[in-house]
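Student: Using this note's numbering, the first residue of the sequence shown is number 227, and each one after it goes up by one.
Supplied in structure tokens, the structure appears directly below.
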Amino acid sequence: MNPLAKLDQKFVWHPFTQMRDWARSEPIVITAGKGAILRDAKGREYLDANSSIWTNLHGHQNAKINSAIQRQLKKIAHSSALGLANEPASILAQRLVQSANDGSRMTNGVIKPKQNSATDNRHFQKVFYSDDGSTALEVALKLAYQFTLRTGDTRAKQKSARAAKPRFLSLDGAYHGDTIGAVSLGHIDLFHKAYGGMLFPTDKVMSPYCYRCPFNRAKPERADARNYRQCHWECVGLVAKKFSAQKKKGNPFAAFIFEPLMQGAAGMIPQPIGWLKQVTDIARAHGALLIADEVMTGFGRTGTAKAESGKRKAEILFASHHENVQPDFLCLAKGLTGGYLPMAATLTTQKIFDAFLGEYKEFKTFFHGHSYTGNQLGSAAALASLEILQTQKSIQARTQLEKSLQEELSSLWSLPNVGDIRQVGLVAGIELVKNWRTREPFALRERAGIRVCEAMAKRGVLTRPIGSVIALLPPYCTTPVQLQKMISALREAVIDTFQT
Ligand SMILES: *Cc1c(COP(=O)(O)O)cnc(C)c1O
227 MNPLAKLDQK FVWHPFTQMR DWARSEPIVI TAGKGAILRD AKGREYLDAN
277 SSIWTNLHGH QNAKINSAIQ RQLKKIAHSS ALGLANEPAS ILAQRLVQSA
327 NDGSRMTNGV IKPKQNSATD NRHFQKVFYS DDGSTALEVA LKLAYQFTLR
377 TGDTRAKQKS ARAAKPRFLS LDGAYHGDTI GAVSLGHIDL FHKAYGGMLF
427 PTDKVMSPYC YRCPFNRAKP ERADARNYRQ CHWECVGLVA KKFSAQKKKG
477 NPFAAFIFEP LMQGAAGMIP QPIGWLKQVT DIARAHGALL IADEVMTGFG
527 RTGTAKAESG KRKAEILFAS HHENVQPDFL CLAKGLTGGY LPMAATLTTQ
577 KIFDAFLGEY KEFKTFFHGH SYTGNQLGSA AALASLEILQ TQKSIQARTQ
627 LEKSLQEELS SLWSLPNVGD IRQVGLVAGI ELVKNWRTRE PFALRERAGI
677 RVCEAMAKRG VLTRPIGSVI ALLPPYCTTP VQLQKMISAL REAVIDTFQT
């Protein structure tokens, strides 16, 4: 066994991994990467088909990001944001706010004229930095909680402290991270069983999982279930019901938390067009704050805007903007630094910010912070990544990759174990089933997804499943030949695993 693999097995405890299984075979030890390719200690090459767990946007060893980090490293790697400002974090905050507001002015590929953003309380004005997706959500959660206590419904305030506790609504199956607040917001039974006693209660509402929706009366077809569904938007009706019921209790929901366009770790569950706009309108009408978890969907992952012919092809970087939704909180992490360094940001509005202003002795301060907040190396990487994203070259490459992905994926419908193929921009989930005609699922213990991914790894393509769903998130630099290889490895792996 490779000596590094030995060291790993002896000392490292891996995340979300049954370590008994881990010890059974020699782990792949990555030692280098270039573009969409990862190289291991034995010199073998793999395609990084999930962008290193959804983080890496422009490929490994990107020249622009590399040199941005090197330039910053010659100045300083890190100084504290507690009591000090720094150069790249200040510039990055401005750029993030700009790009998160610009897209919101876009409808059908046309940018609306600039509003007076200082008076528009729907526009982002502030950036709170942290380290990863979970903390980005923790920050939004704590801010929303305090904001609601300070400004919220007076009827709720007058009741006992317990009754007045701000309540949060999120989607069934949701995953928002692994810290206690983030797990509380999530609705994955396995995690709630493990940590139930440590969590605080939150509410959930049906997510629009068309493929397995009890309201969808359509028989299975060889197409994305969203496109042939037969329903009356019952899922939206349930959201409305949930909000009214909570209002009747005298303590309307403080915030609605969602992953826009597609829920990632829930199993790559895409929302039918129009769902997001409808449910966020309902939430707004009930006075709830909107917390968009764009940890996976942010930074162009959900595709470029479909501009009308002849009109300016403006870029949308955030999924919320595809449905013209401007949330009160935008949680960013994974792709923020282009997959280089752990860094996160929670963007919010002046209205939220102002609720934390006061004399020192009023103790309205937001009491929260991390040692590496606003890290300079991470900020430099993020600035370089944003610059790349906004070039015409990158926009064109992503538009093309999205199209090619769609074409390549269509070849998988011929496999009887493929039940649903769900693509949103540059992310796809392929749901494996026992029988596509009945949608009969594999039991988790059958490890269908894990087995297929192992077979893909043997063919030089790396990704991780979510249960029986294979996730594909190619880096934006993936070439047509590399994309073909990813899909054909998946096709062969499915055939090998189930049809022997
Ligand atoms: C990965 C992820 C998180 C958690 O981010 P970490 O950086 O792993 O803490 C939260 N929300 C979504 C949607 C994610 O995909």
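Don't be surprised by glycine CBs; every beta carbon is placed ideally from N, CA and C.
Since we're looking at a predicted model, the values are computed, not measured.
Could you spell out where the alpha helix (DSSP H) holding K730 opens and where it closes?
Tutor: A question about residue 730 goes unanswered here, because the residues of the chain that appear run from 227 up to 726.
Student: Between the alpha carbons of A518 and F484, how many angstroms are there, rounded?
Tutor: Approximately 5 Å, taken between the alpha carbons.
Student: Find the nearest neighbour of A570 within the set E588, T361, G564, A471, judged by alpha-carbon distance.
Tutor: Cα-wise, what sits closest to A570 is T361.
Student: Using DSSP bridges, identify the partner residues of S306.
Tutor: For S306, which the question treats as bridged, DSSP gives no partner whatsoever.
Student: Alpha carbon to alpha carbon, how far is T523 from F555?
Tutor: In a straight line, the C-alpha of T523 is about 14 Å away from that of F555.
Student: Comparing alpha-carbon positions, which option in I291, A315, D247 lies nearest T599?
Tutor: The shortest C-alpha separation from T599 is found at A315.
Student: Using 8 Å as the threshold, is the segment 607-618 in touch with the segment 681-692, meaning 3 or more CB pairs across them?
Tutor: As far as the Cβ criterion goes, the segment 607-618 does not touch the segment 681-692, which means the pair count is below three.
Student: Could you check what DSSP says for D398 in three-state terms: helix, strand or coil?
Tutor: Residue state, collapsed to three classes: coil.
Student: So the beta strand (DSSP E) L698 belongs to, where does it begin and stop?
Tutor: Residues 695-698.
Student: Give the list of continuous alpha helix (DSSP H) stretches no shorter than 4 residues that lie fully inside the segment 250-307.
Tutor: Counting whole runs of 4 or more residues, the segment 250-307 contains the alpha helix (DSSP H) stretches 277-280, 289-299.
Student: Within its chain, find whatever has a CB closer than 6 Å to the CB of G261; leave out the 5 residues flanking it on each side and keep chain order.
Tutor: Hits under 6 Å: G285, C703.
Student: For the alpha helix (DSSP H) holding N453, just list the boundary residues, first then last.
Tutor: 451-454 is the span of the alpha helix (DSSP H), which, as asked, contains N453.
Student: Anyone know if the C-beta pair for L416 and H402 falls short of 7 Å?
Tutor: Cβ atoms of L416 and H402: not closer than 7 Å.
Student: When you measure from the CB of G403 to every non-hydrogen atom of ligand 1, does any distance come out below 6 Å?
Tutor: Yes, the Cβ of G403 comes within 6 Å of a heavy atom of ligand 1.
Student: Report yes if the C-beta of M569 is less than 6 Å from at least one heavy atom of ligand 1; otherwise report no.
Tutor: Outside the cutoff, so no.
Student: By the 10 Å Cβ neighbour count, where 16 or more other Cβ atoms means buried, how is G476 classified, buried or exposed?
Tutor: That one is exposed.
Student: What is the rounded straight-line gap between the Cα of A481 and the Cα of G564?
Tutor: One C-alpha to the other measures close to 29 Å.
Student: Less than 6 Å separating the Cβ of M712 from some heavy atom of ligand 1?
Tutor: Because no heavy atom of ligand 1 lies under 6 Å away, the Cβ of M712 does not count as near it: no.
Student: Among all the DSSP beta bridges, which residues are the ones paired with V687?
Tutor: Bridge partners of V687: L273.
Student: Are the beta-carbon atoms of C557 and L363 separated by less than 7 Å?
Tutor: Cβ distance < 7 Å, so C557 and L363 count as in contact.
Student: Cα separation between A466 and C436?
Tutor: For A466 and C436, the distance between alpha carbons rounds to 18 Å.
Student: Would R452 be called buried (16 or more neighbouring beta carbons within 10 Å of its own) or exposed?
Tutor: So R452 ends up on the buried side.
Student: Please list the terminal residues of the continuous alpha helix (DSSP H) segment that includes Q244.
Tutor: Element bounds for Q244: n/a, residue is neither H nor E.
Student: Could you tell me which of P701, K300, L562, R297 sits nearest to L273, measuring between CA atoms?
Tutor: Ranking P701, K300, L562, R297 by Cα distance to L273 puts P701 first.
Student: When DSSP labels each residue in this structure, what does V238 get in the three-state scheme?
Tutor: Coil at V238, not helix or strand.
Student: Within 8 Å, do at least three Cβ pairs link the segment 581-589 to the segment 291-301?
Tutor: They do not touch, by the three-pair rule.
Student: Measuring only the C-alpha atoms, how far is R677 from T528?
Tutor: Rounded to whole angstroms, R677 to T528 spans 27 Å at the Cα level.
Student: Return the first residue and the last residue of the alpha helix (DSSP H) that A571 is part of.
Tutor: It is not in any alpha helix (DSSP H) - A571 instead sits in the beta strand (DSSP E) that spans 570-575.
Student: As a quick exercise: from R717, G490, Y586, pick the residue whose alpha carbon is nearest that of L699.
Tutor: Answer by Cα proximity: G490.
Student: Which residue marks the beginning of the beta strand (DSSP E) containing G655, and which one marks its end?
Tutor: Start and end: 653-661.
Student: Going by Cα to Cα distance, which pick from A608, M712, Q235, I508 is closest to L635?
Tutor: The residue with the shortest Cα to Cα distance from L635 is M712.
Student: Can you give me the start and stop residues for the beta strand (DSSP E) that R648 sits inside?
Tutor: 644-650 is the extent of the beta strand (DSSP E) around R648.
Student: Compute the distance between the beta-carbons of R648 and T530, then report whether it is under 7 Å.
Tutor: No, Cβ-Cβ distance for R648 and T530 is not below 7 Å.
Student: Leaving out five residues before and five after R381 in sequence, what residues of the same chain have Cβ atoms less than 7 Å from its Cβ?
Tutor: With a pLDDT of 49 at R381, under the threshold of 50, the modelled position of this residue cannot be trusted, and the question is left open.
Student: Judging by CA-CA distance, which residue of N661, L627, A681, A275 is the nearest neighbour of E447?
Tutor: For the residues N661, L627, A681, A275, the minimum Cα distance to E447 belongs to N661.
Student: By Cβ distance below 6 Å, which residues in the same chain neighbour K352 in space, the five residues on each side in sequence not counted?
Tutor: So the qualifying residues of the chain are T574, F579.
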